[in-house]
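**Student:**
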Amino acid sequence: MIRRLILNIIDFFHKPFSGIIPAQTFRYLACGGGNTVLDIFLYFICYNFILEKQAVHLPLININMGAHIAAMFMSMAVTFPTGFMLSKYVVFSESNLQGRTQLFRYFMLVGVCVLLNYALMKIFVEQLHLFPTVAKICTTALVVIFSYLTQKKFTFKVKEQRA
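If you're matching positions, the sequence shown starts at 0 in numbering that gives the first Met the number 0 and goes up one per residue.
1. Note down the Cα distance separating K158 from F72, rounded to an integer number of angstroms.
2. Using the rule of at least 16 other Cβ atoms within 10 Å of the residue's Cβ for burial, across every protein chain shown, is I8 buried or exposed?
3. Does the region 93-110 come close enough to the region 139-154 that 3 or more CB-CB pairs lie under 8 angstroms?
4. Kindly identify the DSSP beta-bridge partner or partners of N63.
5. Under 6 angstroms Cβ to Cβ from V163, same chain only, skipping five residues before and after it: list those, please.
6. With DSSP run on the structure shown, which of helix, strand or coil describes E159?
7. For F48, name the three-state secondary structure that DSSP assigns.
8. Is DSSP giving E93 helix, strand or coil here?
9. Which runs of the alpha helix (DSSP H) spanning at least 4 residues fall entirely within the region 64-151, listed in chain order?
10. Could you give the C-beta distance for V133 and C112, rounded to a whole number, given that I count them as a contact under 8 angstroms?
11. CB I27 to CB P131, shorter than 7 angstroms?
12. Which class does P15 belong to by DSSP, given the choice of helix, strand or coil?
13. Alpha carbon to alpha carbon, how far is M75 from I19?
Given below as structure tokens:
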């Protein structure tokens with residue numbers, strides 16, 4: 000029921016663009032865009048108000064993690080499951096791969112995206128001295144392109160049926 004509601008809303012807004020952009024791509028942009036806005040919002044809240052821009056000490060592994068990196072992991076704890084569910088049930092619902100295969104591949108993709116996020120955040124904040132929220136937005140734009148292509152061609156691909 001929730002899936003149908005989300006699809007109805009997205010498809011309603013897709014109508015004016017249907018001759019320009021395929022439905023699946025529009026759905027990805029809508030779902031991914033919504034999840035990205037949620038991620039950036041949560042990142043901002045975590046960085047500025049929960050962590051108060053202070054580094055986090057992880058005693059089990061005895062390291063300090065910058066607030067900009069800790070906030071990234073905190074926001075991801077929410078956006079990982081929402082992103083998977085939206086991708087599986089709204090955007091790439093025609094995928095005929097088993098759910099556990101999709102989840103494992105999505106997990107691997109997110110792992111790669113986390114590494115990309117981490118590296119780009121370190122570069123943008125620590126080397127280029129961008130404000131952390133601006134760095135997060137730039138990082139997100141680059142990672143979203145990579146993520147869409149990987150999800151379409153690998154994570155949620157449609158496996159050809161043999162006769």
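Glycine residues also receive a C-beta, built at the ideal position from the N, C-alpha and C atoms. Source: prediction; values computed, not measured.
**Tutor:** On the basis of the supplied data:
1. If I take the Cα positions, the gap works out to 32 angstroms.
2. Classification for I8: exposed.
3. Segments in contact, yes.
4. H56
5. The displayed coordinates of the chain run from 0 to 162. Any statement about residue 163 would go beyond what the structure contains.
6. Of the three classes helix, strand and coil, the one that applies to E159 here is coil, per DSSP.
7. helix
8. coil
9. 66-85, 98-120, 131-149
10. That pair is no contact at about 19 angstroms.
11. It should be noted that the sequence gives Tyr, not Ile, for residue 27. No, these two residues do not count as a Cβ contact at 7 angstroms.
12. helix
13. 32 angstroms
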